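Numbering (full-length UniProt numbering), first residue to last: 1 to 151.
Where a beta carbon is used, it is the ideal one built from N, C-alpha and C, also for glycine.
Note that the structure is a prediction, hence the values are computed from the model and not measured.
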Amino acid sequence: MVGHYIFPLPSDEDLQVFEKKTNYSFANDTLLREALQVSSGFNGDGNKKLALIGDVILELVIVILGRDKNKTRGQTSITIQQRASNAYLADQGFIHGIDKFIVKNPCQCKIMPNVMATTMEAIIGAVYLDCNQQIQPCIDVMTALGLSWPE
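In structure tokens:
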């Protein structure tokens, strides 16, 4: 389903470094490459469709973990607001060096926070699809990227 790309994509070596950061190895590298592709007039939706999936999975995982930890509905809602906020997603992306892997438009000097937040969601969405819609790999990646339930 992935279209053609105009901008250079990360090398296989870059993707291996990325996978080490997330503690997840993609069976389908195309999903990972799509997750790292920003949207533009040239590349269409880029990673935004994966980000929609990732946003839902992020919230679902937090709800599941909150239930497992016997947290109240209020505590879970607060944790969702904190962990799923664009500001938090962007901060964690920059902390983990994800910006080095994002394929940006040549006219972009740097990755903006909203682009980073979308990419973090897209990564989770890509993992979900890549692992045949299993939740545990998503939890593992979210934990590696600092997006899981706070300890």
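Backbone CA spacing between residue i and residue j [nearest angstrom]
{"i": "residue 150", "j": "residue 14", "result": "29 Å"}
{"i": "residue 24", "j": "residue 140", "result": "8 Å"}
{"i": "residue 86", "j": "residue 26", "result": "25 Å"}
{"i": "residue 111", "j": "residue 130", "result": "25 Å"}
{"i": "residue 21", "j": "residue 101", "result": "11 Å"}
{"i": "residue 69", "j": "residue 109", "result": "42 Å"}
{"i": "residue 105", "j": "residue 99", "result": "13 Å"}
{"i": "residue 28", "j": "residue 132", "result": "11 Å"}
{"i": "residue 46", "j": "residue 38", "result": "5 Å"}
{"i": "residue 146", "j": "residue 95", "result": "9 Å"}
{"i": "residue 16", "j": "residue 64", "result": "29 Å"}
{"i": "residue 73", "j": "residue 12", "result": "42 Å"}
{"i": "residue 135", "j": "residue 97", "result": "24 Å"}
Beta-carbon contacts of residue i that lie in its chain and below 7 Å, excluding the five residues immediately before and after
{"i": "residue 66", "result": "75, 76, 79 and 149"}
{"i": "residue 126", "result": "31, 32, 34, 35 and 50"}
{"i": "residue 71", "result": "none"}
{"i": "residue 82", "result": "88"}
{"i": "residue 137", "result": "24, 127 and 131"}
Within 8 Å, strictly: CB atoms of residue i and residue j
{"i": "residue 124", "j": "residue 62", "result": "no"}
{"i": "residue 143", "j": "residue 48", "result": "no"}
Residues of its chain near residue i, where Cβ-Cβ distance is below 8 Å and the 5 sequence neighbours each way are ignored
{"i": "residue 10", "result": "18, 33, 36, 101 and 103"}
{"i": "residue 59", "result": "80 and 84"}
Close-in-space but distant-in-sequence residues of the same chain around residue i (CB under 6 Å, 5 per side omitted)
{"i": "residue 121", "result": "51, 54 and 55"}
{"i": "residue 91", "result": "none"}
{"i": "residue 93", "result": "116 and 120"}
{"i": "residue 113", "result": "90"}
Exercise. Which ranges would you report for the alpha helix (DSSP H) in the segment 28-108 if only whole runs of at least 4 residues count?
Worked result: With a minimum length of 4 residues, the continuous alpha helix (DSSP H) runs that stay inside the segment 28-108 are 29-35, 48-68, 73-83 and 86-95.
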